[in-house]
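Count along the sequence shown starting at 1, add 3, and that's the number in the working numbering.
In what follows, a structure is listed as structure tokens, so that the remarks can point back to it.
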Amino acid sequence: MYTKRIFPVTGVIKWTRRHILLFLVLSTIPVLLFDILGLKWLHVPWLPLGVLGTAVAFIVGFKNNASYDRLWEARKIWGGIVNASRSWTIMVKDFINNDHTKEQLSDKDLFAIHRELVHRHIAWLTALRYQMRADKPWEQHLKSGKSNAEFREAFYLVCEDTIPIEQAIKGYLSEDEYKEVFAKGNRASQLLGIQSKRLKELMQQGAIEDFRHMELANMLVEFYALQGKSERIKNFPYPRQYATMNYIFVWVFIILLPFGIMQEFESIGEHIIADLVNHESHTSTLHRIQEFIAKHFVWFSIPFSTLLAWVFHTMEKIGENTENPFEGGPNDVPITNMSRGIEIDIRQLIDDTDIPEPYEWTNDIVM
């Protein structure tokens, strides 16, 4: 899926609001102990904390780059499926004819063969996208996290979660093929196998000569390769050792952050007080207000700690929600919409009827 426009700031804040409140609490507790209870020793030197923050920034950047690479590779794979599907269709349309047939086929019979092969290909697309949307043990971000679950329920639905694969695929296959496909495990692979078997039958009938059969068979090999690349991303997660340690390091930095910032803001307050001592009107109301603020300037560390913690955690969360590009998130590869687009294109190429409409945007999100 992908969003139609840049995700608004209000949406990001709403998505992370629970963690923002948590960061506020984590930033307030050290300040209370430092300023109210007078535990002035309760701080961390900024230098080692800054080094830790730099290391965490590198780790978060590494994860986000790797996650984006997985997303972009998935998009390129499905872009290849789009191109190969169109090539398959024009080859089916132009290669399967009466040039070498033993018995002449009518235009109606030829159209029926073209339609059969194209519809079976659409069934393969359908089976593949359902396999890509299937839940994996490590793909729990959208359903386990409260923020993601709320966003999913409020703004969009995943087609593969609401329509059974049996219902989605049945209209493209004969009854025998339907039973054969659902009797096996990898349905997409079985459908390509049926396509290969059917091409062999057409070659034996003379509807396809050897060279054209070889070219069509090569297209099936290409579909197998593209399917395998999709399965590689789907079935192999982002390495857990990197993901887990990245998560731990970010939270260590977030917890220590208020203890390092407090001392810096306390120092600013002391400089302000020193400047006020040299000021002429020590009894004015403005002077007393400034002096009060300076003495408690450490409280300004709370919003800054919260902001920094929010930035680091949100970047880590973005990487986490990007690492599985077929999971069904609002910014994942829109394989449902792409499959429908392919279906419309290739059915129009053979002058098919009852062509479905494209999927519409829902709350600026397309599946």
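We put the beta carbon where it would ideally sit given N, CA and C, even for glycine.
Cβ-Cβ separation, residue 312 to residue 353 (assumed contact under 8 Å), whole Å: Counted from its first residue, the sequence shown places residue 353 at position 350. Counted from its first residue, the sequence shown places residue 312 at position 309. Going by Cβ atoms, the distance from residue 353 to residue 312 rounds to 57 Å, so no, they are not a contact pair.
Reduced DSSP category for residue 45 - H, G, I as helix; E, B as strand; rest coil: The residue given as residue 45 occupies position 42 in the sequence shown. In this structure, residue 45 counts as coil in the three-state DSSP scheme.
Boundaries of the alpha helix (DSSP H) in which residue 337 is found, first to last residue: The residue you call residue 337 lines up with position 334 of the sequence shown. That residue, residue 337, is in no alpha helix (DSSP H); it is neither H nor E in DSSP.
Residue range of the unbroken alpha helix (DSSP H) whose run includes residue 302: Position 299 of the sequence shown, counted from the start, is the residue given in the question as residue 302. Element bounds for residue 302: n/a, residue is neither H nor E.
Beta carbon of residue 199 nearer than 7 Å to that of residue 223: Residue 199 sits at position 196 when you count from the first residue of the sequence shown. Residue 223 sits at position 220 when you count from the first residue of the sequence shown. Their beta carbons are under 7 Å apart, which means residue 199 touches residue 223 by this criterion.
Span of the alpha helix (DSSP H), counted from its first residue to its last, around residue 24: Start at 1 with the first residue of the sequence shown, and residue 24 comes out as number 21. Segment 20-34, the alpha helix (DSSP H) holding residue 24.
Proximity below 7 Å, CB of residue 259 to CB of residue 40: The residue you call residue 259 lines up with position 256 of the sequence shown. The residue you call residue 40 lines up with position 37 of the sequence shown. The answer is no: Cβ separation not under 7 Å.
Outcome for residue 359 when other beta-carbon atoms lying within 10 angstroms are tallied against a minimum of 16: Position 356 of the sequence shown, counted from the start, is the residue given in the question as residue 359. With fewer than 16 Cβ atoms within 10 Å of its Cβ, residue 359 is classed as exposed.
The alpha helix (DSSP H) enclosing residue 119, as first and last residue numbers: Stepping through the sequence shown from its first residue, residue 119 is reached at position 116. Unbroken alpha helix (DSSP H) run through residue 119: 110-136.
Nearest-angstrom Cβ-Cβ length linking residue 3 and residue 347, presumed shorter than 8 Å: Beyond the ends of the chain as shown, which are 4 and 370, falls residue 3; an answer cannot be given.
For residue 327, the three-state DSSP class (helix, strand or coil): Residue mapping note: residue 327 aligns to position 324 of the sequence shown, counting from 1. If DSSP states are grouped into helix, strand and coil, residue 327 belongs with coil.
Option nearest residue 138 by Cα separation, candidates 19, 164, 107 and 225: For the purposes of this step, residue 138 is taken as the residue at position 135 of the sequence shown. Nearest C-alpha to residue 138: 164.
Nonlocal neighbours in the same chain, by C-beta distance under 6 Å from residue 17, ignoring five residues either side: By 1-based counting over the sequence shown, the position of residue 17 is 14. Contacts found: none.
Selected residue, minimal CA-CA separation from residue 234, among 131, 123 and 173: Taking the sequence shown and counting its residues from 1, the one referred to as residue 234 is at position 231. The option with the nearest alpha carbon to residue 234 is 131.
Neighbourhood of residue 268 by C-beta distance below 6 Å, restricted to the same chain and skipping five residues each side: As a position in the sequence shown, residue 268 is number 265, starting the count at 1. For residue 268, where only same-chain residues beyond five positions count, the Cβ hits under 6 Å are 300, 301, 303 and 304.
Minimum C-alpha distance to residue 263 - residue among 350, 75, 345 and 56: Counting from one through the sequence shown, the residue named residue 263 turns up at place 260. Ranking 350, 75, 345 and 56 by Cα distance to residue 263 puts 56 first.
Candidates 60, 47, 74 and 42: closest to residue 334 by CA position: Position 331 of the sequence shown, counting from 1, holds the residue named residue 334. If we check each option's Cα against that of residue 334, 74 comes out closest.
Residue from 350, 59, 344 and 322 with nearest C-alpha to residue 242: Within the sequence shown, numbered from 1, the residue matching residue 242 stands at position 239. Taking only the C-alpha atoms, the option nearest residue 242 is 322.
Endpoints, alpha helix (DSSP H) assigned at residue 107: Taking the sequence shown and counting its residues from 1, the one referred to as residue 107 is at position 104. Premise fails: residue 107 is in no alpha helix (DSSP H) and is neither H nor E.
Nearest candidate by alpha-carbon position, reference residue 172, set 160, 194, 97 and 279: By 1-based counting over the sequence shown, the position of residue 172 is 169. Considering only alpha carbons, the answer is 194.
Cα-Cα separation between residue 332 and residue 67, rounded to whole angstroms: Stepping through the sequence shown from its first residue, residue 332 is reached at position 329. Stepping through the sequence shown from its first residue, residue 67 is reached at position 64. For residue 332 and residue 67, the distance between alpha carbons rounds to 16 Å.
Nearest-angstrom Cα separation, counted from residue 244 out to residue 197: Residue 197 sits at position 194 when you count from the first residue of the sequence shown. Residue 244 sits at position 241 when you count from the first residue of the sequence shown. Approximately 41 Å, taken between the alpha carbons.
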